[in-house]
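Peer 1: Counted the way our numbering counts, the sequence shown spans residues 2 to 201.
Handing you a structure now.
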Amino acid sequence: MKKDLSLYLTIALICAGSFVIAQEKWESLDIGTEGGKTRIEKDSIVIIADGADIWETADGFRFVYRKVSGNVEISARIHSLKEVNEWSKAGVMIRESTKPGSKHVMLVATPMHGLAFQYRPEADDTSQHVEVGEFEYPVYLKMKRTGNAFSAYWSRDGRKWNEAGEIEVEMGKDVLAGLAVTSHAEGEYTEAKFTEVKLK
2 MKKDLSLYLT IALICAGSFV IAQEKWESLD IGTEGGKTRI EKDSIVIIAD
52 GADIWETADG FRFVYRKVSG NVEISARIHS LKEVNEWSKA GVMIRESTKP
102 GSKHVMLVAT PMHGLAFQYR PEADDTSQHV EVGEFEYPVY LKMKRTGNAF
152 SAYWSRDGRK WNEAGEIEVE MGKDVLAGLA VTSHAEGEYT EAKFTEVKLK
């Protein structure tokens, strides 16, 4: 697991038709793989990642995240994801730790299988998967935690939200919330572009 120094990411949030620039302290690292990169542009976050997958009992992906405590909500607009594999993934995730087998809940976009709601309710256990349906870029994704209840949503416009899934997973008070990307092909790199990243 290769960890970068903390990143001060300048994120452009669209608010009432104008850009409000919010500077937040994030961290970026590879979990179960190496060689990924995080590129900060004027109004976006671009994540370059390989990794076997976020699946089964251990994950391989790039994670850009913040440490948070208690209830949390993370959302982002995904503009694109380079297709390396039909199961390449980019989305929003809430995760208990940076260990490859950590508990987590996430909502991701894929090139060939639409949106997917995925979770690992027990550490080092097999991941679970629920198909959500087809979508078009750009797409907004959101993950919300209230206690041990996790719910996922997607939207075409960032205003009207559709429920994608919900699950109860016991996690500690302190968790990691952020953006996750995997190519589903070790040694081959995908690239995903995010804007309007919001954490609250």
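Ideal Cβ placement from N, Cα and C applies to all residues, glycine included.
List, from N- to C-terminal side, the beta strand (DSSP E) runs of 3 residues or more that fit wholly inside the segment 37-67.
Peer 2: You should have 38-41 and 46-50.
Peer 1: Hey, how far is the Cα of R157 from the Cα of E187?
Peer 2: What you label residue 157 is simply residue 156 of the sequence shown in a count that begins at 1. What you label residue 187 is simply residue 186 of the sequence shown in a count that begins at 1. Cα to Cα, R157 sits roughly 31 Å from E187.
Peer 1: Below 8 Å on the Cβ atoms is my contact criterion, and I expect D54 with H185 to pass it. Report the Cβ-Cβ distance as a whole number of Å.
Peer 2: If you number the sequence shown from 1, residue 54 lands on position 53. If you number the sequence shown from 1, residue 185 lands on position 184. Indeed, because the Cβ distance is near 5 Å, the residues count as touching under 8 Å.
Peer 1: In whole angstroms, give me the CA-to-CA distance for G52 and E97.
Peer 2: In the sequence shown, counting from the first residue as 1, residue 52 sits at position 51. In the sequence shown, counting from the first residue as 1, residue 97 sits at position 96. Using only the alpha carbons, I get a separation of about 19 Å.
Peer 1: Which residue from N86, K161 and T99 puts its Cα closest to that of V140?
Peer 2: Position 139 of the sequence shown, counting from 1, holds the residue named residue 140. Ranking N86, K161 and T99 by Cα distance to V140 puts K161 first.
Peer 1: Within a Cβ cutoff of 7 Å, which residues of the same chain sit near K201, ignoring the five residues on either side of it in sequence?
Peer 2: Position 200 of the sequence shown, counted from the start, is the residue given in the question as residue 201. Only E74 meet the Cβ criterion.
Peer 1: Taking 7 Å as the limit between beta carbons, can you name the residues of its chain near K38, skipping five residues before and five after?
Peer 2: What you label residue 38 is simply residue 37 of the sequence shown in a count that begins at 1. These residues qualify, in order along the chain: I49.
Peer 1: For W27, which of helix, strand or coil comes out of DSSP?
Peer 2: As a first step, residue 27 is located in the sequence shown; it is residue number 26 there, counting from the start. W27 falls in the strand class under three-state DSSP.
Peer 1: Could you give the distance in angstroms between the alpha-carbon of A150 and the alpha-carbon of I79?
Peer 2: Along the sequence shown, read from residue 1 onward, the residue named residue 150 stands at position 149. Along the sequence shown, read from residue 1 onward, the residue named residue 79 stands at position 78. For A150 and I79, the distance between alpha carbons rounds to 24 Å.
Peer 1: Round the Cβ separation of K104 and E123 to the nearest angstrom and send it over; I've been treating them as touching at under 8 Å.
Peer 2: Residue numbering aside, residue 104 sits at position 103 when the sequence shown is read from its first letter. Residue numbering aside, residue 123 sits at position 122 when the sequence shown is read from its first letter. About 7 Å; that satisfies the 8 Å criterion.
Peer 1: For the putative contact between I95 and A178, defined by C-beta atoms under 8 Å, what is the C-beta separation to the nearest angstrom?
Peer 2: For the purposes of this step, residue 95 is identified with residue 94 of the sequence shown, where counting begins at 1. For the purposes of this step, residue 178 is identified with residue 177 of the sequence shown, where counting begins at 1. With 8 Å as the limit, I95 and A178 qualify as a contact, their Cβ atoms being about 5 Å apart.
Peer 1: Under three-state DSSP, which class holds N163?
Peer 2: The residue labelled residue 163 in the question sits at position 162 within the sequence shown. Strand at N163.
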